[in-house]
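Written out below as structure tokens is the structure these notes cover.
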Amino acid sequence: MATALASAGILLAGWQSGAHVAETTTSTTTSLSSSMTAGGSAANGSTGTTGTSGASAESTTAATYDGASVRTRFGTVQVQVTIQDGKITEVVPLQLTDAERKSAQISSRAAPVLRSEVLQAQSANVQTVSGATVTSEAYLTSLQAALDAANF
Numbered sequence: 003m004a005t006a007l008a009s010a011g012i013l014l015a016g017w018q019s020g021a022h023v024a025e026t027t028t029s030t031t032t033s034l035s036s037s038m039t040a041g042g043s044a045a046n047g048s049t050g051t052t053g054t055s056g057a058s059a060e061s062t063t064a065a066t067y068d069g070a071s072v073r074t075r076f077g078t079v080q081v082q083v084t085i086q087d088g089k090i091t092e093v094v095p096l097q098l099t100d101a102e103r104k105s106a107q108i109s110s111r112a113a114p115v116l117r118s119e120v121l122q123a124q125s126a127n128v129q130t131v132s133g134a135t136v137t138s139e140a141y142l143t144s145l146q147a148a149l150d151a152a153n154f
């Protein structure tokens, strides 16, 4: 009984934090079909791609995954994550809020802070940036979708 309650609590906490991403897998791409948002509108899915880095004779494989496009009242946010050797090695914003000039300024200030925090924490479980809550939540939601696609 206690195990069932603990499992239900974990599922509920994951769902509430935005980790509820429906994913389907094909042999060549990972496709996300998502209805998550930050601000109440639907998000579009995207595909993840994989690649390799060949800087040395002992090449390691890096995989790149695109998160869901998350629509907010200030614009759309989408990030891409690179995972290499079981670690998040890069997070790149593909789209940031830009509905108006102030939104673009806020996003350009928040994105590097979020990137740094994610690389340090090695997860999407980081604090939002003060003054950029909507952008932060959308960024982290898109990131979680990419991490889910990577089974990270």
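Remember, my numbering sits 2 above the position in the sequence shown when you count from 1. Glycine is no exception: its CB is placed at the ideal position from the N, C-alpha and C atoms.
Length of the line joining the Cα atoms of residue i and residue j
{"i": "Asn127", "j": "Ala65", "result": "21 angstroms"}
{"i": "Thr130", "j": "Leu116", "result": "8 angstroms"}
{"i": "Ser71", "j": "Ser144", "result": "6 angstroms"}
{"i": "Leu121", "j": "Val93", "result": "8 angstroms"}
{"i": "Ala106", "j": "Asp68", "result": "21 angstroms"}
{"i": "Thr63", "j": "Ala148", "result": "17 angstroms"}
{"i": "Val79", "j": "Thr137", "result": "7 angstroms"}
{"i": "Gln86", "j": "Thr74", "result": "30 angstroms"}
{"i": "Thr150", "j": "Glu119", "result": "At residue 150 the sequence reads Asp, which differs from the Thr that was named. Distance between the alpha carbons of Asp150 and Glu119 is about 18 angstroms."}
{"i": "Thr91", "j": "Arg103", "result": "30 angstroms"}
Contact under 8 angstroms by Cβ, residue i with residue j
{"i": "Ala152", "j": "Val81", "result": "no"}
{"i": "Gln113", "j": "Gly77", "result": "Residue 113 is actually Ala in this sequence, not Gln. Not in contact: Ala113 and Gly77 (Cβ atoms no closer than 8 angstroms)."}
{"i": "Gln146", "j": "Lys89", "result": "no"}
{"i": "Arg111", "j": "Ala134", "result": "yes"}
Beta-carbon separation (whole angstroms), residue i vs residue j, contact threshold 8 angstroms
{"i": "Leu96", "j": "Ser109", "result": "Going by Cβ atoms, the distance from Leu96 to Ser109 rounds to 12 angstroms, so no, they are not a contact pair."}
The ligand SAM heavy atom lying under 7 angstroms from the CB of residue i
{"i": "Leu149", "result": "Annotation note on the ligand SAM: not contained in the displayed structure, which lists no ligands."}
Uninterrupted beta strand (DSSP E) stretches inside the region 79 to 125 (no shorter than 3 residues):
89 to 97
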